[in-house]
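Participant:
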Amino acid sequence: MELKILQTVITILLFFLIRTLIIKIINRTVAKNLLQKTRGKIIKKFFQIILVIIVLIFILTFWGVDQSELFMFLASVLTVIGIALFAQWSHLSNITSGIIIFFNHSVKLDDTISIIDKDFDIEGRISDIGLFFVKLKTNEGEEISLPNNIFLQKMIKRKIK
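Numbering that gives the first Met the number 0 numbers the first residue of the sequence shown as 0 and each following residue consecutively.
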């Protein structure tokens with residue numbers, strides 16, 4: 000019994016430590032890339048939900064929930080979620096692309112870019128990077144919204160200030 004309590008306490012402490020590290024990394028990325036704070040909040044929530052799920056699995060395992068029953072339950076839930084997300088594949092793709100753009104893309108807010116396309120080149124200033132769309136403001140005053148997955152696939156030329 001004492002071992003279970005100790006394992007639970009250690010798991011919860013590790014959760015808070017890892018969560019704090021992730022929040023610091025995201026805050027640093029938001030500040031470095033001049034991203035909106037609301038975007039950072041969305042990414043923090045996403046990672047926090049994943050961490051809570053992992054911690055719950057560990058704690059349930061420590062307290063004697065049969066692993067085969069736990070994994071059967073998780074497989075059932077993930078199957079239902081997978082079917083729902085497959086029906087909304089473009090949303091999942093845009094969210095994943097948004098996270099990649101957030102952490103790894105060289106462009107940031109207020110950068111002027113050109114998107115090179117074989118049919119139609121687009122040039123503008125990045126006004127917003129959201130969870131689903133990147134918004135560009137053109138010199139003509141138009142606002143263009145590009146889905147994150149399309150933005151990630153296109154060749155982009157950034158004008159250096």
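Note that the Cβ used here is the ideal one computed from N, Cα and C, for glycine as well. Quantities reported herein were computed from a predicted structural model and do not represent experimental measurements.
How is residue 105 classed by DSSP in three states: helix, strand or coil?
Facilitator: For the purposes of this step, residue 105 is taken as residue 106 along the sequence shown, with counting starting at 1. Of the three classes helix, strand and coil, the one that applies to residue 105 here is coil, per DSSP.
Participant: In whole angstroms, what is the alpha-carbon distance linking residue 58 and residue 7?
Facilitator: Along the sequence shown, one-based indexing puts residue 58 at 59. Along the sequence shown, one-based indexing puts residue 7 at 8. The alpha-carbon atoms of residue 58 and residue 7 are separated by roughly 6 Å.
Participant: Using the rule of at least 16 other Cβ atoms within 10 Å of the residue's Cβ for burial, across every protein chain shown, is residue 38 buried or exposed?
Facilitator: Mapped onto the sequence shown, residue 38 falls at position 39. Residue 38 is buried by the Cβ-count criterion.
Participant: So, using beta-carbon positions, are residue 200 and residue 132 closer together than 8 Å?
Facilitator: The structure shown has nothing for residue 200, since the chain only spans 0 to 160.
Participant: Between the C-alpha atoms of residue 80 and residue 127, what's the straight-line distance to the nearest angstrom?
Facilitator: Locating residue 80 in the sequence shown gives position 81, where the first residue counts as 1. Locating residue 127 in the sequence shown gives position 128, where the first residue counts as 1. When only Cα atoms are considered, residue 80 and residue 127 end up about 29 Å apart.
Participant: So, residue 54 versus residue 10, is the Cβ gap smaller than 8 Å?
Facilitator: Here residue 54 is taken as the residue at index 55 of the sequence shown, counted from 1. Here residue 10 is taken as the residue at index 11 of the sequence shown, counted from 1. Cβ distance < 8 Å, so residue 54 and residue 10 count as in contact.
Participant: Is the region 41-56 in contact with the region 104-122, if contact means three or more CB pairs nearer than 8 Å?
Facilitator: no
Participant: Using alpha carbons as the reference points, say which of 74, 3, 60, 96 lies closest to residue 42.
Facilitator: What you label residue 42 is simply residue 43 of the sequence shown in a count that begins at 1. For the residues 74, 3, 60, 96, the minimum Cα distance to residue 42 belongs to 96.
Participant: State the DSSP-derived secondary structure class of residue 142, mapped to helix, strand or coil.
Facilitator: Taking the sequence shown and counting its residues from 1, the one referred to as residue 142 is at position 143. Strand, per DSSP.
Participant: Out of 116, 12, 130, 92, which one is the CA nearest neighbour of residue 44?
Facilitator: Sequence index remark: in the sequence shown, residue 44 carries index 45 (1-based). Checking every option, the nearest Cα to that of residue 44 belongs to 130.
Participant: If we ignore side chains and look at the alpha-carbon of each, how far apart do residue 12 and residue 106 end up?
Facilitator: In the sequence shown, the residue the question calls residue 12 occupies position 13. In the sequence shown, the residue the question calls residue 106 occupies position 107. So the alpha carbons of these two residues sit roughly 36 Å apart.
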